[in-house]
Structure formats: structure tokens, C-alpha cells
Amino acid sequence: MGLFITFEGSEGCGKSTQARLLYEHTRTLGYNVIHVREPGGTPIGDQIRAIVLGMNNTEMDPIAESLLFSASRAQLVHQVIRPHLAANGIVICDRYADSTYAYQGYGLGRNLADLRTLTAIATDGLVPDVTMWLRIDPAIGLQRKLHPDAAQVEWNRLDAHELAFHQRVASGYAALAEAEPGRWVACDAHLSIEALAAHIRTNLTPYLQTGRVAISPVNERTTP
Ligand code: TYD
5 MGLFITFEGS
15 EGCGKSTQAR
25 LLYEHTRTLG
35 YNVIHVREPG
45 GTPIGDQIRA
55 IVLGMNNTEM
65 DPIAESLLFS
75 ASRAQLVHQV
85 IRPHLAANGI
95 VICDRYADST
105 YAYQGYGLGR
115 NLADLRTLTA
125 IATDGLVPDV
135 TMWLRIDPAI
145 GLQRKLHPDA
155 AQVEWNRLDA
165 HELAFHQRVA
175 SGYAALAEAE
185 PGRWVACDAH
195 LSIEALAAHI
205 RTNLTPYLQT
215 GRVAISPVNE
225 RTTP
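Position 42, counted from 1, in the sequence shown is what my numbering calls 46; the numbers after and before it change by one each time, with no gaps.
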């Protein structure tokens, strides 16, 4: 059974920091947890990541882009995520299929029904149990990412889209969350790192208490 947690949000929302903090928290509690990111998370996925995010690939066709994100996802789901869930572990994934709906669907205008079909094929129907959605004003998020003090900034081809694109992505997330309120947990990404982490931990507690996952002595460290 296991527990599949994803983190979603616009650029500069602090998702990766929060995913890492939750990983450390659940690991400290004794859970068998792994932390992966998309695109990437496997040797093949990391090669796809270099292509799909590469700043030089400016001629990337939106359909090719959607297929590449999905190919990386298929590899990650089958090689890493499903086996870990089958072992009743926790998987924390930094971005997943909702990123495809938000960026390629709402952002680039690709047909959402097609993207859902593509995702169903790539993941064999695997949907997260809970999605932590870090909400931020896209203009503030992009400024955070551009700030000279920002840690390990990786400016990618998607970041380089105009502000209107990022606003469509943000509205897309809002529409996705509204359509599935049982799965999405809205988190205010303007909060301090610690306040945000506490909000996320509080919202995760009921999922840890459902008996989906057991405390395990085995902790294999996997970080993006
Ligand atoms: P990354 O460097 O991991 O940035 P972030 O910290 O914002 O997650 O870059 C991932 C980029 O890829 C990000 O701009 C969102 C985009 N993306 C998509 O457009 N579609 C997808 O399906 C996924 C997984 C990511």
C-alpha cells in the first residue's frame, strides 16, 4: 500500500526545501521513506531531464515536451516509486503529473484530456495519496529564484517563459486543486520555512495514522 506524497507549485515556491524537510522528519520518525524529483530521479530520467530542461533546446515542440516529461515519469514510477510503495514505504516526490497538467496543459495550452490519457499510460494509473501545494504569487516566486542569494539556482528552459505563462500555471494549479479537494493540501508559501514545514507536518499526520505505512528499521537514503 505505502503512502505517495507529491509536492507541487510554481517556480520559487520553496517546494524542494519543504520536500527535503518532510523527508528528514519522516525518516527521523522511523519510516522507510525515499525522496525523488521530476523530471529525473533515475539514471534514464536524469538524461531526459537534461534534454527537456536544457536552455539550448529552444525549438522543443510542446508535444515532444509532454512526452519527454511523461517518459521520465514512466521510468521513475516503474523503477522506483511502485516498488517502494509495494514495500509499504513512503515516497516523497518533488513534482509529478500535476506539473504536466499545470505547465503543458494550462501554461502551454495542450489538451488536458490528452495529457490525462498520456499520464495514465505513463504511470499505469498511479495517483498521489496527498499533494502538498505550495501557493505563491508567481511574480514573487520568480524574483526569489533570481535573487543573487538564492541557493543553488538552476535556471531552466521552463523558467524562461514570460510572466503570463507562469500566471496561467498558477491558475491551473488552483483549478486542479479545486477539482480534487480531497487530495490537495493548500499551503501558503509566503510563510517562513519553519511555519510552512509545521503546516505540512500537521496535514500529513492523519495519513501517517491510517496504517498505510509502518515504522521500519530499514532506512535507505535516496535524495534527488
Ligand atoms: P526544476 O529545476 O526541478 O525546478 P523546480 O524547483 O521549479 O521544480 O525544474 C523543473 C521544471 O520543469 C519546472 O520549471 C517545471 C517543469 N515541469 C514541467 O513543465 N512539466 C512537468 O511535467 C514537470 C515534472 C516539470
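Ideal Cβ positions, reconstructed from N, Cα and C, are used throughout, including at glycine. Computed from a predicted structure; not experimentally measured.
Distance from the CA atom of T206 to the CA atom of E63, rounded to whole angstroms, is 44 Å.
Per the coordinates, the alpha-carbon of R77 lies some 15 Å from the alpha-carbon of I9. Membership of V56 in the alpha helix (DSSP H) is indicated by the continuous run 47 to 57.
A distance below 8 Å separates the beta carbons of G49 and L80. For Q108, the shortest separation between its Cβ and any heavy atom of the ligand TYD lies below 7 Å. Scanning its chain for C-beta atoms nearer than 8 Å, with the 5 sequence neighbours on each side dropped, one finds around L167 the residues P142, A143, L146, in chain order.
For L146, the enclosing alpha helix (DSSP H) starts and ends at 142 to 150. The count of Cβ pairs closer than 8 Å, one atom from the stretch 130 to 140 and one from the stretch 10 to 27, reaches three, so the stretches are in contact. Straight through space, the alpha carbons of L150 and I67 are spaced by roughly 28 Å. Under the three-state reduction of DSSP output, A190 falls in the strand class. For the pair I94 and V189, the CB atoms are not nearer than the 8 Å cut-off.
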